[in-house]
Amino acid sequence: MPEINADRLLGDLYALRRIGEYKTGVHRPSLSPEDVRSRHWLAEKLTAAGLTAELDGIANVFGRDRSPGRKLLMGSHIETQPHAGWLDGAMGVIYGLEAARTLGAGIDVAAWFDEEGWFGSFLGCRSFCGQVPDAEIDTAKRRGDDVPLRAALDQAGLQGRTRVQADPSRYLGYLEAHIEQGAELELSGDRIGIVTAIVGSHRFRIVFEGVQNHAGTTRMARRKDAGVALVRLATAINDRFPAIAHERTVWTTGQITLDPGSPSIVPGRAEMVFQFRDTEPAMLARLGEELDVLVAEANRGPCRVTLVRTGTTAPSTMAASFQDALEAAAARHVPGKYQRMPSGAGHDAQILAGIMPSGMLFVPSIGGISHHYAENTSDDDLVLGCQVVVDAAAALLAG
Numbered sequence: 024m025p026e027i028n029a030d031r032l033l034g035d036l037y038a039l040r041r042i043g044e045y046k047t048g049v050h051r052p053s054l055s056p057e058d059v060r061s062r063h064w065l066a067e068k069l070t071a072a073g074l075t076a077e078l079d080g081i082a083n084v085f086g087r088d089r090s091p092g093r094k095l096l097m098g099s100h101i102e103t104q105p106h107a108g109w110l111d112g113a114m115g116v117i118y119g120l121e122a123a124r125t126l127g128a129g130i131d132v133a134a135w136f137d138e139e140g141w142f143g144s145f146l147g148c149r150s151f152c153g154q155v156p157d158a159e160i161d162t163a164k165r166r167g168d169d170v171p172l173r174a175a176l177d178q179a180g181l182q183g184r185t186r187v188q189a190d191p192s193r194y195l196g197y198l199e200a201h202i203e204q205g206a207e208l209e210l211s212g213d214r215i216g217i218v219t220a221i222v223g224s225h226r227f228r229i230v231f232e233g234v235q236n237h238a239g240t241t242r243m244a245r246r247k248d249a250g251v252a253l254v255r256l257a258t259a260i261n262d263r264f265p266a267i268a269h270e271r272t273v274w275t276t277g278q279i280t281l282d283p284g285s286p287s288i289v290p291g292r293a294e295m296v297f298q299f300r301d302t303e304p305a306m307l308a309r310l311g312e313e314l315d316v317l318v319a320e321a322n323r324g325p326c327r328v329t330l331v332r333t334g335t336t337a338p339s340t341m342a343a344s345f346q347d348a349l350e351a352a353a354a355r356h357v358p359g360k361y362q363r364m365p366s367g368a369g370h371d372a373q374i375l376a377g378i379m380p381s382g383m384l385f386v387p388s389i390g391g392i393s394h395h396y397a398e399n400t401s402d403d404d405l406v407l408g409c410q411v412v413v414d415a416a417a418a419l420l421a422g
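For the sequence shown, the numbering used here gives the first residue as 24, with consecutive numbering after it.
Following this line, the structure appears as structure tokens:
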């Protein structure tokens, strides 16, 4: 099997890390100046590797191989969460670049726009798959500053460009590498994870409406405290979900807001942002049914409770042939030090799996840390993961 250039791989990863560097991590919000700079940096690298590079009308970056024959598409994303890690997404893109240089032919590379959800949900890869109408782009705004997506694309010089659409006949499939973002590999002592399936998620906004009043003069028996209603529902979820959930099922109340949020005022309104994740559609449906029951029970209290579904992504199974190719490569390099495992985080691969066979590989995250600037992976594991991916890519291209 062709051998990657470890120094070149690490040099590119560390160079990309310096664009938007924050402490030991990176801050590159989608279509920020740092993100746009990183996309042009990548396009230059793809061109130097002999690929035809392009930024399309939704800021996806493509590097296309000009040789004849079907291709393997590889990639991930290069924007980041706020003040977060340097490898989340970026590693998979640079692996694709290194695979194209090492194998010489057969590899297309993509850096998908906005996997991290600054403007929406998987906008770049969904656009490539034909799932993003113009109306969705027209209304999208960046979280945090409400900059319209159209304005951000225009400022980046991309407004009016065509959005590239997938030609599935060009591809054998899609292969993505990523840090694990959890601690399973580190705890087990394994060095490679072969992803079997990627979780789906159901996301909600739950609104509680009570009566705002004075915190000192309103007796407890008369209160309609929206904050208390929120805490009771959150507690009920944590009490009831474990009885029906799988071992790897997760749920999170990621944001709580009290209105008006003053120490001496009984909250008249409260809101919680809630989600649950699993790899099985039946489990996701069961959790949704239980949440409906819990909200109905909460409405028997003094406050009105409204459940608003804000988003859904379906779970995806990775192609058996891709899992087998990754496992064969891992067994060659680190026998007994790999495992098949589900992904608890969402990835572009789950969208691409809807139109072509797809696979994913994980490398360990030190301490299981991700979405934080302390996120890291050892150089040895970065090099190993890339070599395993390139071996698997070569085998898939060989048929």
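Each residue gets a CB set at the ideal place from its N, CA and C atoms; glycine is no exception.
Less than 8 Å between the beta carbons of Ser381 and Ala372, yes or no?
For Ser381 and Ala372, yes; Cβs fall inside 8 Å.
For the candidate residues Glu77, Leu78, Asp111, whose alpha-carbon lies nearest to that of Pro52?
Checked all of Glu77, Leu78, Asp111; the closest Cα to Pro52 is Asp111.
Terminal residues of the continuous beta strand (DSSP E) containing Trp274?
Unbroken beta strand (DSSP E) run through Trp274: 273-282.
Contact between the stretch 278-297 and the stretch 242-253 is defined here as three or more beta-carbon pairs at a separation below 8 Å; is this criterion met?
Segments in contact, yes.
I'd like to confirm the pairing. Which residues does DSSP put opposite Ala107 in its beta bridges?
Ala107 is bridged to Val49.
Hey, is Ala268's beta-carbon within less than 8 Å of any beta-carbon in chain D?
Here there is only one protein chain, and chain D is not present.
Buried or exposed for Ala175, going by 16 or more other Cβ atoms inside 10 Å?
The residue is buried, with at least 16 neighbouring Cβ atoms inside 10 Å.
CB-CB under 7 Å to Ile117, same chain, minus the five flanking residues each way: which ones, in chain order?
So the list reads Leu32, Asp35, Leu36, Leu39, once near-sequence residues are dropped.
Taking the beta carbon of Pro365 as the centre, do at least 16 other beta carbons fall within 10 Å, making it buried, or is it exposed?
Buried, since its Cβ has 16 or more Cβ neighbours within 10 Å.
What is the C-beta distance between Val49 and Trp135, in whole angstroms, given that I count them as a contact (C-beta under 8 Å)?
At roughly 17 Å, the Cβ-Cβ gap does not stay under 8 Å, so Val49 and Trp135 are not in contact.
Over what stretch of residues does the beta strand (DSSP E) that includes Ile221 continue unbroken?
215-221 is the extent of the beta strand (DSSP E) around Ile221.
Would Leu96 be called buried (16 or more neighbouring beta carbons within 10 Å of its own) or exposed?
Result: buried.
Scan the stretch 76-144 and note each continuous beta strand (DSSP E) run of 3 residues or more that stays entirely inside, going in chain order.
The stretch 76-144 contains these whole beta strand (DSSP E) runs: 84-87, 94-100, 130-135.
If you draw a straight line from the C-alpha of Ala76 to the C-alpha of Asn83, how long is it?
C-alpha separation (whole angstroms): 11 Å.
Could you tell me whether the stretch 87-106 touches the stretch 175-187, where touching means 3 or more Cβ pairs closer than 8 Å?
The stretch 87-106 is not in contact with the stretch 175-187.
Over the uninterrupted beta strand (DSSP E) stretch that includes Met364, give me the two end residues.
From DSSP, the beta strand (DSSP E) with Met364 extends over 361-366.
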